[in-house]
Amino acid sequence: MCMNRKSVAELLRFALVGGVAAVLQISIYVVLAAHISHGLVLPISYGIALAANFVLTTFFTFRVKPTKRKGMGFMLCHVNNFVLQFLLLNFFVEWMDFDKQLAIFPVLAICIPINFLLIRGLMKR
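Mind the numbering: the sequence shown is residues 15 to 139 in the working numbering, read in order.
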């Protein structure tokens, strides 16, 4: 697949925004997970990162006007992403005996590419 300059720039902006959101989520998660349950920390860290991600995704990554439809679609994509993260986090912590502060890393490695495909499809409509 050959990408034009605009598509490459968009992909780089998506990676930057995704990186900022991931670092924000991970930072909040790791700090709070040292003190409270991973089941409570995930929604807190995810929610804060989600708000920042939507603003940056619409205005910076895809340079589109935020509409109610895009906002609802973005939230729907992220509900799926959150559920997948929650299930994988519990799998890694409870079943694979990962340290709860480190389990977020393989979870995000799985979820981020899936979410990229969903969000890109939504924003390009």
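All C-beta atoms, glycine included, are put in the ideal place defined by N, C-alpha and C.
How is residue i classed by DSSP in three states: helix, strand or coil?
{"i": "residue 41", "result": "helix"}
{"i": "residue 49", "result": "coil"}
{"i": "residue 20", "result": "helix"}
{"i": "residue 99", "result": "helix"}
Can you check which of these residues, the options, is closest to residue i by C-alpha distance?
{"i": "residue 30", "options": "99, 42, 66", "result": "66"}
{"i": "residue 121", "options": "40, 62, 137, 45", "result": "40"}
{"i": "residue 113", "options": "38, 101, 44", "result": "44"}
{"i": "residue 137", "options": "105, 125, 90, 62", "result": "90"}
{"i": "residue 32", "options": "100, 85, 70", "result": "70"}
{"i": "residue 132", "options": "82, 95, 42, 24", "result": "95"}
Please classify residue i: is it buried, with 16 or more other beta-carbons within 10 angstroms of its beta-carbon, or exposed?
{"i": "residue 78", "result": "exposed"}
Hey, residue i and residue j: beta-carbon distance below 8 Å or not?
{"i": "residue 103", "j": "residue 56", "result": "yes"}
{"i": "residue 126", "j": "residue 36", "result": "yes"}
Consider the Cβ of residue i: report whether some Cβ of chain D lies at a distance smaller than 8 Å.
{"i": "residue 65", "result": "The question asks about chain D, but that chain is absent: this structure has only one protein chain."}
Since residue i contacts residue j with CB under 8 Å, what's their CB separation in whole angstroms?
{"i": "residue 27", "j": "residue 75", "result": "5 Å"}
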